[in-house]
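**Student:** Residue numbers (the working numbering), protein chains in the order written: chain V, 130 to 230; chain F, 14 to 653; chain X, 55 to 556; chain R, 46 to 562; chain A, -15 to 174.
First the structure, which I've put down as C-alpha cells, then a few questions once you've had a look.
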Amino acid sequence: MEIGLNHYLVLSTILFAIGLVGVMRRKNLLMLFFATEILLNSVNISFAAISHYYGDLTGQMFAFFVIAIAASEVAVGLGLLIVWHKKHNNIDLDNMSSMRG
Amino acid sequence: MELFLYTALFSPLVGSLFAALFGASPKTKIAGIVPSALLGVSLISSTILLILVFTTGHTLHVEMMTWMATGDLYIPFGFVVDQVSVVMMMVVTLVSTVVHVYAVGYMDHDKGFNRFFSYLSAFVFSMMILVMSDNFAGLFIGWEGVGLCSWLLIGFWYHKESASWAANEAFIMNRIADLGMLIGIFLVYWNTGTLQYDGAFAAMPSLDTATLTWIGIFLFIGAMGKSAQFPLHTWLADAMEGPTPVSALIHAATMVTAGVYLVVRSSPLYELIPNVGLFIASLGAFVALFAASMALVNRDMKRVIAYSTLSQLGYMFAAAGLGAYWVALFHLMAHAFFKALLFLGAGNVMHAMHDELDPFKMGGLGKVMKGTFVMMTVASVALAGIFPLAGFFSKDLILEVAFVNHHYVIYAVLLFTAALTAFYSFRLVALIFHGEERYKLFGIHPHEAYKFMLVAMSPLLLLAVIAGAFKAGYFDMVTQLLPDTEYHVHSAATYWIMTIGTQLLVGFAIFYAYKKYTRRDIKVPDGTSKMENSFAYKLLINQYYIPYFYEEYIVKAYRELSEIFWTKIDQKIVDGTVDGIANILYKTGNTTRVMQSGNLSTMLKWMVAGTVALLSLAVVFGLAARYSGEIKSILSGLGV
Amino acid sequence: MLSPINVSIESLNLMTLAPMLIPIIGALLIIVIDLFKSEQDKTLYVMLSLLILGVDFVALVDSAGLFLDNGTITGVFDMMLIDGLAILSQFIIVGASMLFIPLALTHKRFHEFSYPEFFALFLFMIAGFQFMVATDNLILIFVGLETASLALYTLIAMHNRDKSFEAAVKYFTMGALAAGFFSFGSMVFYALTGSVEINQIAAVLEANNYADIGFVLVGVVFLLASFGFKLSMVPFHTWTPDVYEGSSAALAGYMSIVPKIAAFIVAMRLFEFLIHSGVVWLEVILYMGVVMTMTMANIWALVQTDVKRMLAYSSISHAGFVMAAILIGTTQSNSALFLYWILFSFTNLGSFSMLWISRQKNLPAHQQSDHSYDKFAGMVKTSPVAASIMALFMLSLAGLPPFALFWGKLYMLSAAVSSGYTVLALIMALNSAIAGYYYLKLIVYMFMKDPVVENNGHVYSANATLPLKTIIGFAAIGTIFAFIAVNQLLEFVTLFVYNSGY
Amino acid sequence: MLDHILSILIFFPALAAILGFVVNKNSIRSYGVAVATVEFLLALWLWFAFDSNVSGMQFMEQIALVPAFGINYIVGVDGISLFIIILAAFFTMIGIASLGEMKDIKNLIITLLFLQMTMVGVFVALDAIVFYLFWELSLVPMLYIIGAWGGPLRIYASVKFFLYTFTGSLVMLVGMLFMAYFYHQATGDWSFALLDWYRLILPESFQNWLFVAFFFGFAIKVPMFPFHTWLPYAHGQAPTIGSVILAAILLKMGTYAFIRFSLPLFPDASVYFMYPIAVLAIIMIIYTAMVAYAQKDIKQVVAYSSVSHMGVIILGTFALNVEGITGSIFLMIAHGVVSGALFFLVGVIYDRRHTKLMSEFGGLASVMPRYATIFGIMLMASVGLPLTINFVGEFLSLLGFYKQSHILTLLAGTAIIVGAIYMLSAYKKMFFGVVTKDENRNLPDVNKKELFALIPLTVITIWLGVYPKPLLEPINKSVEGIVTLMHEKSISEEAKLRIPNINKDMGLITKSSGEAH
Amino acid sequence: MFEAIAFYLFAFLTIAMFYVAVTTSQALYALSALAAGMIFISAFFFILGADFLGAVQIVVYSGAVMALYAFGMMFFDTTREVKEKQGNKAIVIGLSSLAALMVVVIVAAPIVGNNIEAIYPMTEGVGNTQEVGMILFTKYLVPFEVAAVMLLVAMIAGIVLAGKKMDLSLTLMNDTDLMTMKEEDKKVHP
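Right, dumping it as C-alpha cells:
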C-alpha cells in the first residue's frame, strides 16, 4: 500500500477541518488561537508532501514562511490578549460584543 | 366698414373692462351706464352692418391677427359679417342693450352692481366672438367664453349655496358637450386641413359620409350642451339662480341659442348628412314636448319660463334638423325678443314680490303692475303663437316644415306642444296677474318697477309684436347663404285648415288655463290635493327624476370613486408599493442585522459558513464538470 | 553538490525594491530616533513620515517612468513584478497614506500618536502592502499581507480603549482564519501546478486545459474566502463595521482605502486569468458576491445609527461595486477600478476626516456612540460651512454629479454596459439609489433637523487643527473639481493598465 | 459676450450664490432680487438675439471635459428650450421678490440661486452627461428647500422626492452609457454629445430597451402614473417658493427630456410605445383628476392637477407630429405659468391662515375680492379656457394626438371636464358661500409684494393666450426639425407612417456615416 | 511499507492530539496536546525528507510558540478548567465536516495533470538544509527579508501591546488629567 500524495492531502484536510472546529467552538481566545495554529500546521503537511512528491523545494519554502507567519501571529495575538486581559481580567470572547448591528 | 365691425365687437369688451375697473369699489351708477352706452354703440354698428348686408348683399370678412400657427395648422382671429352672423349680431346687441339698461334698475340695490356689468358685457363680447368668428376655433373661444360668463353670472350671488352649485353644474355640463365639439373640430381639421368655415365646408363634399356623420354628431353634441338639449338639459332650469336679467339675456335670448346657431352655421355640413339632421329634428321635437310637460306643473315662475325656453329650442332644432335653417334662425330671433321680454317681466314681478317665485303666492298683480302685466301678456301671446304676433310667424312655420317634409310624427308632437305652451304660459299669467290677491297673506306690498326699466323693455315689446313683418326681407337676405327652401303646404285648403286649427287649439288651451287658474279658490298648494299625489304630477314636478338620477348615480358615484381612487388606490396601492419597497429594504436590514451580533464566534462561523457554501457550489460544479458525459446520458435517458 | 549561482547585480534589478525599502528604512529611522531621544513631539514623526512617503512617491514616479519605457520589470530573481497595476496601486497606497498621516495632528491628544512606534508600524505596514502588490508570488504576497496586517492590528489597538481592543482582537482572529484559508488555497494551487507564481499557475493550468477543474475550484474557494475577508465581501465582511467603529476615524478611513486596493490588485492578478479562461463557476460566484456585497451592505447601512458604522457599511458596498471590475475583467473595467478608487479615496478621506475633527473624548449623555446621527442634528445652524462640506462628501459618495465619485461610477457602469453585463449595471445603479438613502439621512440630520442639545458648534470641530482643516479642504477641492482631473487620470490609468496586459 | 451667453446664464447665478454667502443677512433679499433680475434680463437678451428662423441649435459652446471618454461641456439653445429657460429665470426672479418673512432667508435665497443654475443647465445641455449632471444636481437644492422650510412631513417628502427621482435617473444613466457604447461600437469613438447621437440609427430592439431605460428617468420626473406619488408629498410639504419652482420648471425637465432625447433618438421605439404611453397619460389625466377632486387640501388639489396636466403634455409629445409636439412644449410653459401662479396663490392664503384645508375657508370671495379674481383667472386658465395660455397648449396637444388615435384623444379630452370638476368645486369650497369661520372675516387682501408676482403671471396668462405667436414660431421651427429628423431616422414601416414627413430641407440632417450594427 | 505504517501512525496521533486540543476543556491538556501534535507533524516532515523544515517546526513551535503560550496561560490564569458557553454544536460540527468532506471528495481523486516539472528541483545527494539555504537566499531572499521585517513588526507590536505603554490610556483621559500627568512626569524626570 503505497502512501501517495493524496493520503497527505486528505490528512491535511482532516486536520484543517479539526482546526475549523476549534476556531468555531472555542470561546476562550487563547484556545481559539491554538486552533488557528492547527490550521496553518495542517497546510504545512501538504506543502511538504507536495514538495516531496514533485521533487520541488517551493513547497518547503512556503511551509517555512508559514511557520514564520504563525510565530509572528502568536506574538501579536498574545499582545492583544494581554492588553484585553489587563483591562477586563478575562479572555472570553463572549464578553467582547460591545459593538453590534 | 371694418371700423363698424370692430366697434360692434369690441365696445362690449371696453365696457366690461371699464366696469371691471370699479370691480372692487362700491356701487357706482357709471359702471352700469357706460357699458350700456357702449352696447348701444355696438347695437348701432351692428345695425349699420345689417343695413349694409341687407341692402348690398356684400359680406365683410376681416382677419385681425394670427392666433395659432404651427405645422399645417393656421388659426387667425378672423371675423365675418354675413347674412347669418349679422342677424345674430342684431339679436345679441339688441337684447343685451335692453337688458343692460333694464339691469341698471334691476340691480340697483345690489352690492355687486359694478361686477355685474363687467360680467354681463364680457358675456356680450364672448357672444359676439362666437357669432362673428370665421372659423371653428374662434367659435370655440366664444363658446367657452359665454360658458365662463354664464358661470360667473349664474353664481353671481355666490354666497348662496344653490347659486354656486348651479353655476358649477352649468359649467361642467357644458364642458361635457364642449369635449364633443372639440373632437368635432379635430375631425374637421384632420380631414379638411383647415378650420376656416369657407375652406372646411368647401372640402366637405369630397369626404366620405361616415366621416361627415361623425363630424356632424360631435359638433351637435357641442350644440346640445350649450342649448341644453336632453340629456344635458338639467343645468338650464338650475341656472335660474342667477339674476333675472342674466336669465333673460343668456339663458333665453342668446347663449342657449348658440347651439342652433352652430347647426345653422354648419348647414353645408348637415345638408350632406340628412340622417343626422333627422336625429336632430327628432331630438328637438322630443325636447320640445319633454320640456313643455315639465313646465305644466312647475311652481317656480322662472323655471317655467326656462322650460319654455328649452321647449322652444327644441322647435328650433327640429327646424334646423329638417333642413329649414332659415326657419330655425327666424324662430331664434323672434323667440329672443318675446322670451327676453317675458323674463324681464318676470324680473319686475320678482322685484315687486321681494324675490318670491311661486306664482301661487301672487295673484291679482295686474292691478298694481299694469305695464308689466301688459308686456308679459303680449309676450305670452307671442310665445303661444297667436296671429299676428311674432310667434305665429316663426313657430307655425316650423309646424309647416315638419308637415311639408312628411314628418307627421314630429308635426303632431310639435302641435301638441304648441297647445301645452299656450297652456302653461297663460297658467302663469293667470296665476300672477289675475284672481285673488294671495300675496296679501304673506304681507308683501308689490310695486311697479322703475319707469325706465319699462321703457327699456318696450323695444322688445314692439318687436315681439311686429317681428313677423320682417319675415320676407329676412328670407331674402339669409337665403343668400342658407338653403332657400320655401315651405308651403301645397293645397291652400290644407294650409288654412292647419293654420286655423292650430290657432283654435292654442286659443282653447289659453282659455282653459285662464278658466282653471283665475278661480277664486286657488290656494297655495300644500301637497295634500289629489292632483299633487298623482304619479304624473310627481313625475313632472321632479323633472322625470332626471336630476335625482344624475345626483345619485353620476355625481355621487364620481365622488365616491374619487375617494376610492385617492384613499385606496393612490395611497394604498400606488404609493403603498413605493413605500413598501423602501420598507421591505429597511425591514430586511433590521431583521438581518442580527447576523452582526458582535460576537466573534458568530463572525467566525459566518466566515466558515461562507466558505462551505462556496465549496458546496464548487463541488457541485466540479462533479458536474467531471461527470458531464454521464449526466448528459442520464438526462437524455430521462427524456429531458 | 550544489553549484554556486552566479548572478549579476544588474540582473537583479534592485531598483525594483526601492519603493518598499524607503518606508522600511524610514520606520527603522523613527525607531532609532526614539531610541536615542524619546519623548519627542508627534509633529516630528508625522513630518518625518510625510517626508519618507514623499521620497517613496518620487521613487514610484521613477519606477513609473521605467515602466513606461521598458514595460513590465521583474527583479530580484523574478520575485518582484513591477507592472502598471503595481505602480498604480502603490501610487494609491503611498498617496493615500500621505493624505492620512497628517490626521495624527489632532487638537486632542490620543494615545497612539504619542508613541513613535505608531509611525514606525505605519511605515512598515505601507511597505507590507507595497510588497503585496508588487509581486505575483503567493509567498511574498502572503508575507507582505501578514506584515501589513499585523502592523494594522496593532495600530488599531493602540488607540487604547475598550472598543479598539475589541476591534483589534476581532480583526486579528478573523485575519488568522483568513490566513489559514489563504495558505490552504495556495497549497491547492501548488498541488495542481507545482508553482506558487500566479503567471506560472496560469500557464500550467492553461496547458492542462483545466483538467482538474474541481480541484482548481477548491483552491479558488479558499483564496476567494481569504480575499473576500480582506475586501469585506458578504459574508466575510462581518469584521468591517466593528473594526471601523472600534478604530479611530482616521484609521478607519485609511482602512477603507489602502488595504483594499492592495487586496484588489492581488484579486485582479489571481481571478482575472481564471475568468478569462472560462471558469464559469468563478464568474457566477463573483457575480453573486458582487451583488450580495453591494446590496446587503447597503441594506444594513440603512439601519445604522452611527455615522462611522454607516460609512463602514457604505465602504463595504463600494468595495462590492468595485469588485464588479474584476468580474468584468476588461481594460476599461480595470481602469475604472483605479479611477474609482482614487476618487473614492479623496471622498472617503474627506468624510472620515470630518468625523475625526468632530471626535470628542467623552461622550455626552444623549449620544450613543462617537458619531451618532443625533450628534450632527442641526449642524447647519452652528457650523454651516462644515455641514456643507460634510454634505458634499455624502453627495459624492452617493454618486451625484459632478462630484468625484460620480465619474468613477460612470466609468464603472460604462465598463459593465460595454461588456454586456447590463443586468449587473442595473443592479449597480439601483444600489446606488438605495445608498442614496443613508447618505441623505446624514444630510437630513445636518440640514433639516433641530439640534438635540443646543450647542455652539464647537463639538463639530472639537478635534480640529489647521493641518486637519487643510486636509479636509484638500479633499473637498478634490471632490468638487474632480471633473477637471478626470480626463488626465483616466488616460494615465488606462495607459498603465493597458500596458500591463489587463 | 453673446458667444458665451449660455454659460453666463448657467454660472452667473451660481457665482452670485457663492458670493451671496458674504452678503449681510438683512440685504440678502435685495441681492437675490438683483441677481435674479440680471439673470432674467440676460435671458430676455438671449431671446432678443435668438434667430427664430433657425431650427437647429444656437449659441453653441463646447469645452472638452473628459475627452478620453467623449464627455464634453456642450451647450446650445433652440426654440424648444429657449422659453423654458426664460421661464426659469422669470420664476426665480418673481419667486425671490415675493418671498415672505421666513427663517434662514439667506440660505433659502442662496439655494434658489444654485437651483437656478441647475435648471438652466438642464435645458441648455447638449451632452448627455452634462445634462445628467445638472439633472441630478437640481435635486439637491430642492431637497434642501423642501426639507428645511417645508411642512410637518417635510423630511419624508424631501427624501422621497430625492430618492425616487435619483433611482429613475440612475436607470437612465445606464441607458445613456449604453447609447454611448453603441456610438463607440459604430464609430470607434466615445461620445455623449446629443447631436452626435442624433446621427445614430439604432436597430429597433435596442431602441426599445433604451427607450425604456430613459423612460424610467423621465417618467418619474414628469411624474407619470404610477410613479407620481412623490409629487403630492413634495408639493404638499414644500414651502410656496419650492412648490412654485417645482411645478413651473422642475417637472418640465421630464417632458423636455422626452422631446430632447426619447423622440429623436428612438423614433421607432417612440412609435412602438406610443399607445402604452398614451394609455398611461390618459390614466394620469382622468385618474389624478379624480384624485384631485377627493382632496381636502387645496395645495394637494393643485399638485394633483399638475399631474393631470402633465398627462396632456405627454400625450402631445407622443402625438409625434408638429402640432402635438409644439402644443406640448407650449403647454409646458403654460402649465409652468399657471400652476406656478396657483401655487403662489395657495401660498398667499397659507401665509395668512397657516392652513391649506379647504374646509377652513369658504366665502373668501367677499373678503378678498382681488385674490378671488386672480385665483379665478388662474383657475380658468388651468381648466383650459380659450384665450388663456393653457388652452393653446392643450388644444394643440390634443389636436396633434387626434391624428394618432381618435378614441384615446376622446378619453384624454375628458381632461377639460374632469379638470373643471375638481377646480370648480375647490373654488366653490374656498371662495363661494358665506364666511363661516371668524378667522376669515378680516383677512387682508393680496399685498403689493404678492401682486408683484401675480400680476405679471396674470398678464402672461392672458397675453400668451391671445397672442401665442412669439413663442409658437420658434418652437414650431425647432419641432419641425425634430420631426423631420425622426421621420428620416425611423426604420419601421409603421414609424414612417406615423411620423409625418414634413419634407422640408432643414439642412440639419447629414445622413449618418455610422449606423449601429 | 515502513512509510505507510509511519504515516498512519502519525496521522492517527496528530488527529488525536489536535482533536484533544480543540475539544478539551482543560487549557493545560489543550496546550500539551497541541505541542505533541506539532512534534508529530515534524515527524511527517522528516518522513518527507524535509529535514530542515522538521527542525524548524520543532524549534519554533514546540520551543518558541509553546513557551509563549505557556507564558500566556500562566498570565491569564487559565490553568484550571475553562468554562465555555457552547452554542449550537450542530452548526460547528456540520460546517467542519461538510468542509472536510467536500475537499476530500475532490482531493482524494488523483491529480490529472501530473506532468508537473519541478521549478526548483531537489538535488540528489545534497542535504536538505543546504538546498533550502540555497533557494532561501537567492529566489526567496526578498520574502525572507520581509519575513524579518514581519518579525520585527510582531516584536514591536508585542512590546507595545503587552508593555507598560498601554496601561494608561491617553485617549480616554481628558485634558486636565493629561496636564497633571505632564506635570508629574516633569517632576519625576527633571
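Virtual Cβ for every residue (Gly too), placed ideally from N, Cα, C.
None of the values given here were measured: they were computed from a predicted structure.
Contact between the segment 416 to 432 of chain R and the segment 471 to 491 of chain R is defined here as three or more beta-carbon pairs at a separation below 8 Å; is this criterion met?
**Tutor:** At 8 Å Cβ cutoff, the stretches touch.
**Student:** When you check each C-beta in the segment 185 to 213 of chain X against every C-beta of chain D, which residues fall closer than 7 Å?
**Tutor:** Here chain D cannot be found, since the structure's protein chains are V, F, X, R and A.
**Student:** Short check: CB of F:Y328 to CB of F:K408, under 8 Å?
**Tutor:** Here residue 328 of chain F refers to the residue found at position 315 when the second sequence is read from its first residue. Here residue 408 of chain F refers to the residue found at position 395 when the second sequence is read from its first residue. Their beta carbons are under 8 Å apart, which means F:Y328 touches F:K408 by this criterion.
**Student:** Just the C-alpha distance for V:M190 and X:L71, rounded to the nearest angstrom, thanks.
**Tutor:** In the first sequence, the residue the question calls residue 190 of chain V occupies position 61. In the third sequence, the residue the question calls residue 71 of chain X occupies position 17. Using only the alpha carbons, I get a separation of about 21 Å.
**Student:** Within 10 Å of its beta-carbon, does F:W80 have 16 or more other beta-carbons around it, so buried, or fewer, so exposed?
**Tutor:** For the purposes of this step, residue 80 of chain F is taken as the residue at position 67 of the second sequence. It is buried - the Cβ of F:W80 has at least 16 other Cβ atoms within 10 Å.
**Student:** Identify each residue in the segment 476 to 489 of chain X for which the Cβ-Cβ distance to at least one residue of chain R is less than 8 Å, and report them in chain order.
**Tutor:** So the close ones are T476, A479, L480, A483, L484, S486, A487.
**Student:** Tell me which residues share the same chain as X:M364 and place their Cβ nearer than 7 Å to its Cβ, disregarding the 5 neighbours each side in the sequence.
**Tutor:** Within the third sequence, residue 364 of chain X is the residue found at index 310, counting from 1. Once the five neighbours on either side are set aside, the close Cβ partners of X:M364 are A355, Q358, Y492.
**Student:** Of all the residues that make up the segment 143 to 158 of chain X, which are near chain A by a beta-carbon distance shorter than 7 Å?
**Tutor:** Cβ contacts with chain A: none found.
**Student:** Please specify which runs of the alpha helix (DSSP H), each continuous and at least 4 residues long, are wholly inside the segment 367 to 419 of chain R, giving them in chain order.
**Tutor:** List check, alpha helix (DSSP H) in window: 367 to 398, 409 to 412.
**Student:** When you compare the CB of A:N72 with every CB in chain X, is at least one pair closer than 8 Å?
**Tutor:** Counting from 1 along the fifth sequence, the entry for residue 72 of chain A is found at position 88. For A:N72, the answer is no, since every Cβ of chain X falls outside 8 Å of its Cβ.
**Student:** Does the Cβ-Cβ distance between R:F306 and R:F272 come in under 8 Å?
**Tutor:** Your numbering for residue 306 of chain R matches position 261 in the fourth sequence. Your numbering for residue 272 of chain R matches position 227 in the fourth sequence. No. Outside cutoff.
**Student:** Which residue comes first and which comes last in the alpha helix (DSSP H) that contains F:A266?
**Tutor:** Translated into the one-based positions of the second sequence, residue 266 of chain F becomes position 253. Element bounds for F:A266: n/a, residue is neither H nor E.
**Student:** Below 8 Å on the Cβ atoms is my guess for F:G255 versus F:L133; work out the distance and round it to an integer in Å.
**Tutor:** Against the second sequence, residue 255 of chain F aligns to sequence position 242. Against the second sequence, residue 133 of chain F aligns to sequence position 120. Going by Cβ atoms, the distance from F:G255 to F:L133 rounds to 10 Å, so no, they are not a contact pair.
**Student:** Would DSSP call F:L2 helix, strand or coil?
**Tutor:** Any answer about residue 2 of chain F is impossible in this case: the structure gives chain F only from 14 up to 653.
**Student:** Could one say the Cβ of A:M86 lies closer than 8 Å to chain F's Cβ atoms, at least one of them?
**Tutor:** For this step, residue 86 of chain A is matched to residue 102 along the fifth sequence. Yes, because at least one Cβ of chain F sits closer than 8 Å to the Cβ of A:M86.
**Student:** Note down, in chain order, every chain X residue with its Cβ under 9 Å from the Cβ of A:N112.
**Tutor:** Locating residue 112 of chain A in the fifth sequence gives position 128, counting from the first residue. Simply none; closest approach about 12 Å.
**Student:** Please report how far the alpha carbon of R:K549 lies from the alpha carbon of F:V276, in whole angstroms.
**Tutor:** Here residue 549 of chain R refers to the residue found at position 504 when the fourth sequence is read from its first residue. Here residue 276 of chain F refers to the residue found at position 263 when the second sequence is read from its first residue. A caution first: R:K549 carries a pLDDT of 49, below 50, which makes its placement in the model too unreliable to give a value.
**Student:** If I measure Cβ to Cβ from R:A410 and keep anything under 8 Å in the same chain, skipping five residues before and after, which residues do I get?
**Tutor:** In the fourth sequence, counting from the first residue as 1, residue 410 of chain R sits at position 365. Excluding positions up to five away in sequence, the list reads A417, F476, F477.
**Student:** For X:V333, name the three-state secondary structure that DSSP assigns.
**Tutor:** On the third sequence, residue 333 of chain X is found 279 positions in, with the first residue counted as 1. Coil, per DSSP.
**Student:** Whose CA, out of A:G21, A:A84, A:V116, lies closest to the CA of A:V4?
**Tutor:** Translated into the one-based positions of the fifth sequence, residue 4 of chain A becomes position 20. Among A:G21, A:A84, A:V116, the Cα nearest to that of A:V4 is on A:G21.
**Student:** Tell me the rounded alpha-carbon separation between R:S143 and R:K494.
**Tutor:** For this step, residue 143 of chain R is matched to residue 98 along the fourth sequence. For this step, residue 494 of chain R is matched to residue 449 along the fourth sequence. For R:S143 and R:K494, the distance between alpha carbons rounds to 5 Å.
**Student:** Buried or exposed for R:W180, please, with buried defined as at least 16 other CB atoms from any protein chain shown within 10 angstroms of its CB.
**Tutor:** If you number the fourth sequence from 1, residue 180 of chain R lands on position 135. By the neighbour-count rule (16 or more Cβ atoms within 10 Å), R:W180 is buried.
**Student:** Of all Cβ atoms in chain X, is any one closer than 8 Å to the Cβ of F:W619?
**Tutor:** Sequence index remark: in the second sequence, residue 619 of chain F carries index 606 (1-based). So, interface residue.
**Student:** Quick one: give me the first and last residue of the beta strand (DSSP E) that R:G121 is part of.
**Tutor:** Locating residue 121 of chain R in the fourth sequence gives position 76, where the first residue counts as 1. 116 to 122 is the span of the beta strand (DSSP E), which, as asked, contains R:G121.
**Student:** When the Cα atoms are used, what is the spatial distance from F:A213 to F:S98?
**Tutor:** Start at 1 with the first residue of the second sequence, and residue 213 of chain F comes out as number 200. Start at 1 with the first residue of the second sequence, and residue 98 of chain F comes out as number 85. Those two C-alpha atoms are separated by around 18 Å.
**Student:** Please classify R:M355: is it buried, with 16 or more other beta-carbons within 10 angstroms of its beta-carbon, or exposed?
**Tutor:** By 1-based counting over the fourth sequence, the position of residue 355 of chain R is 310. Buried, because 16 or more other Cβ atoms sit within 10 Å of the Cβ of R:M355.
**Student:** Would you tell me roughly how many angstroms separate the C-alpha atoms of F:G377 and F:T531, rounded to the nearest one?
**Tutor:** The count along the second sequence starts at 1 and reaches residue 377 of chain F at position 364. The count along the second sequence starts at 1 and reaches residue 531 of chain F at position 518. Their backbone Cα atoms lie some 9 Å apart in a straight line.
**Student:** Mapping DSSP to helix, strand and coil, what is F:F67?
**Tutor:** For this step, residue 67 of chain F is matched to residue 54 along the second sequence. Note: F:F67 maps to helix in three-state DSSP.
**Student:** Express the C-alpha separation of R:P248 and R:I125 in angstroms, rounding to a whole number.
**Tutor:** Translated into the one-based positions of the fourth sequence, residue 125 of chain R becomes position 80. Translated into the one-based positions of the fourth sequence, residue 248 of chain R becomes position 203. Going by the C-alpha atoms only, they are around 27 Å apart.
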